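**Q**
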Amino acid sequence: MSRQALVVIDVQRALCEGPEAAFEADTVIARIDALASRARVAGTPVIFVQHQGTNGYLEYGTEGWALPPALRTADGDHFVGKTTPDAFNRTPLADLLTTLEVQELVVCGMHTEFCVDTSVRRALAHGYPVLLASDAHTSNGNEHLSAPQVIAHHNITLSNVTSFGPRVRLAPAAAITFSA
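In terms of our numbering, the sequence shown opens at residue 11 and continues consecutively.
1. Let me confirm a value: residue 52 is counted as buried when at least 16 other C-beta atoms fall within 10 Å, else exposed. Which label applies?
2. Quick one: using the 10 Å Cβ neighbour count with 16 as the cut-off for buried, is residue 66 buried or exposed?
3. Return the chain-ordered list of same chain residues with a C-beta closer than 7 angstroms to the C-beta of residue 174, the five sequence neighbours on each side being excluded.
4. Would the stretch 54 to 66 count as touching the stretch 79 to 98 if we require 3 or more Cβ pairs under 8 angstroms?
5. Touching or not, the stretch 146 to 164 and the stretch 118 to 137, by the rule of three or more beta carbon pairs under 8 angstroms?
6. What do you reckon, are the CB atoms on residue 74 and residue 68 nearer than 7 angstroms?
7. In the DSSP output, which residue or residues are listed as bridge partners for residue 19?
8. Flag this pair as yes or no: are the beta carbons of residue 193 and residue 155 separated by less than 7 angstroms?
9. Start and end of the beta strand (DSSP E) containing residue 72?
10. Going by other Cβ atoms of all chains shown within 10 Å of its Cβ, with 16 needed for buried, is residue 37 buried or exposed?
11. What does the alpha-carbon distance come out to for the pair residue 167 and residue 114?
12. If you compare alpha carbons, which of 116, 132, 33 is closest to residue 95?
13. From which residue to which residue does the beta strand (DSSP E) around residue 179 run?
14. Could you give the uninterrupted runs of the alpha helix (DSSP H) lying entirely in the stretch 107 to 177, keeping only those of 4 residues or more?
15. Using C-beta distances below 6 angstroms, list every residue in its chain close to residue 70, excluding the 5 sequence neighbours before and after it, in chain order.
16. Count the other CB atoms within 10 Å of the CB of residue 100; is the residue buried (16 or more) or exposed (fewer)?
17. For residue 90, which beta-bridge partners are listed by DSSP?
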């Protein structure tokens, strides 16, 4: 098995608490936290990507920017800030993955149709196969699709992208295992 890293995208308080909370945020966070715990036990790097917005929304250091209390971190975890939906664009993520000798990404997080989708596609473009935790990414939905429809659509769409070479595989969070 190739060396993996767990990449947790934008699980931040402003996106998962209060009236703007993403669909089933608490359940998704619990799944992500369990994934991170299993990754750490196996010696798999855990990388938290946090969007850094402006004008108070997801602004670095604010309460909304912070990770929710239910998502535990540990010594040795890595943190990457980003300012666009793409976790690779103008960030140290690619260099970190190279340093850690990562060959495959396990991806989860928020919001499915924005930062998760963009970052997964960029991972493929960088040559990384992706294991997408099919039930550990979420959305608010939109005027045309409910959140469950957005999630299902992206699971199907991303797993059918073939043009990059590396592919996206799907698995429910509970079925994902990590090995050292």
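Even glycine gets a Cβ: it sits at the ideal position worked out from N, Cα and C.
Every value quoted in this text rests on a predicted model; they were computed, and no experiment measured them.
**A** According to the data block:
1. exposed
2. exposed
3. 134, 135
4. By the criterion of at least three beta-carbon pairs nearer than 8 angstroms, the stretch 54 to 66 is in contact with the stretch 79 to 98.
5. The stretch 146 to 164, when compared against the stretch 118 to 137, does touch it at the 8 angstroms Cβ threshold.
6. yes
7. 59, 119
8. The chain is shown only over 11 to 190; residue 193 falls outside these bounds and no answer can be derived.
9. Counting along the chain, residue 72 falls outside any beta strand (DSSP E), and DSSP gives it neither H nor E.
10. exposed
11. Rounded to the nearest angstrom, the two C-alpha atoms are 19 angstroms apart.
12. When only C-alpha atoms are compared, the closest one is 132.
13. 178 to 181
14. 127 to 135, 157 to 169
15. 62
16. exposed
17. 59
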